[in-house]
């Protein structure tokens, strides 16, 4: 068991003792190095005994450094940190609902606890052996992000279609016993894991507080590409409203018992039921923002703060009339329209266009799953000077939409500049006012 050293930081403790790139790191303080998790945990100490294989012989280095001072090694993780594949066959798996012909990487199902620790990915723990589970405990891997879906063993096995999925509560109790924190999510499917099953899950997970830090309730996402898959119902305005009322009772109770609301429904339930969003303070520290819990409220708060900071001291030049289009998901369109109506300059005409998702199906209403061809079909022929799109529509660090259309292709088809803005309120205010290049 060894990992190649890709590079060594100049002036670091590792460089000072003579460790070089392309050496193989075998162990630190007698423990083998499997991946970045081991490396980070073991190099936190002040006194290290590092064994290296340079291709000719094994060498041992005794290194003294400050606590938490980086050792200075960058590991080659091309293979060792390659995402581990999911071994479940979930009833609602989004990958199973993708249309054919997309790039192969989109069909990869990952379920890797290491990525949960480092990037906040949700995992089920069903592909974690007992040995690997003990490594989680030994390395104090905290916090983790756990896909629960149901705490009832039989129901969870049925949802994940994995006979090994029923031991989750035992494992979560062990994590709590060993001081490891975790956030949870439940993808809610009507008549499958809602009702009494959901209430039991909430109670079970709340019993693990404070190790269980929060619980997000997210409605199942269903595309139109479900031929041959299990029939699953969707939430409507009535069922979403009933769910929000029930969760509110839990929030009130947990706030008194724990000092936290603990369980948080995603924004989609509020959009479906046309209920008013909770206030900023009710989302506490937004522990489930990546799950779409509080994203709209946070955007509104960021817009308010940015407007107070940027617009009160802005010296406006002679107004130039601008016509802007902002495409967004169907569910968020009314909310975004209210925001831009409140904060856009009076000389700027802004239209917020709800883009129907014909690629995945019109049941998909979130902004992040809008593809290039649907942008073109929805916006073509509408006169404007600029189109603003949220960066969540593009694959991270690329200019490609999920249907593989590029940003340039969309611009050329619409014959209009398309500007990508980060998903935060300040960026929206700056874009509306043409302040993108100005300092705060």
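In the numbering used here, the protein residues as written are 1399 to 1838. Each residue gets a CB set at the ideal place from its N, CA and C atoms; glycine is no exception.
Exercise. Which partner residues does residue 1617 have in the DSSP bridge list?
Worked result: 1586
For this session: Indicate the three-state DSSP secondary structure (helix, strand or coil) for residue 1358 in the structure shown.
Result: No information on residue 1358 is available, as it lies outside the stretch 1399 to 1838 that the chain covers here.
For this session: For the segment 1750-1795, list the alpha helix (DSSP H) runs that are entirely contained and at least 4 residues long, ordered along the chain.
Result: 1770-1777
Exercise. Alpha carbon to alpha carbon, what distance is there between residue 1439 and residue 1577?
Worked result: 16 Å
For this session: From the DSSP output, in three-state form, read off residue 1402 for me.
Result: strand
Problem set entry | Every unbroken beta strand (DSSP E) inside the segment 1591-1678 [3 residues or more] | 1610-1617, 1661-1663
Problem set entry | Three-state secondary structure (DSSP) of residue 1733 | helix
Problem set entry | Spatial neighbours of residue 1579 in its chain, beta-carbon cut-off 6 Å, leaving aside the 5 residues before and after | 1540, 1541, 1609, 1611
Exercise. Start and end of the alpha helix (DSSP H) containing residue 1706?
Worked result: 1693-1708
For this session: Below 7 Å CB to CB, which residues in the same chain sit around residue 1619 once its five sequence neighbours on both sides are set aside?
Result: 1492, 1762
Exercise. Ordered along the chain, which non-local residues of its own chain (more than five positions away) have a Cβ less than 6 Å from that of residue 1838?
Worked result: Legend: pLDDT at residue 1838 = 45, less than 50; position of this residue unreliable, value from coordinates given subsequently. Contacts found: none.
Problem set entry | 4-residue-minimum alpha helix (DSSP H) runs that sit fully inside the segment 1547-1579, ordered along the chain | 1551-1558, 1566-1575
Problem set entry | Burial state of residue 1504 (16 or more Cβ within 10 Å) | exposed
For this session: Grab me the residues of residue 1658's own chain with a C-beta within less than 7 Å of its C-beta, minus the 5 sequence neighbours each way, in chain order.
Result: 1652, 1682
Problem set entry | Span of the alpha helix (DSSP H) around residue 1484 | Careful: residue 1484 lies outside any alpha helix (DSSP H) and carries neither H nor E.
Exercise. Helix, strand or coil for residue 1817 per DSSP?
Worked result: strand
Problem set entry | Proximity below 9 Å, CB of residue 1450 to CB of residue 1422 | yes
For this session: Label residue 1823 either buried or exposed according to how many other C-beta atoms from any shown protein chain fall within 10 Å of its C-beta, with 16 as the threshold for buried.
Result: buried
Exercise. Cα separation between residue 1753 and residue 1811?
Worked result: 16 Å
Exercise. Where does residue 1676 land, buried or exposed, given buried means 16+ other C-beta within 10 angstroms?
Worked result: buried
For this session: Take residue 1528 as the anchor and find which of 1487, 1497, 1572, 1495 has the nearest alpha-carbon.
Result: 1572
Problem set entry | Local conformation of residue 1462 per DSSP, three classes | strand
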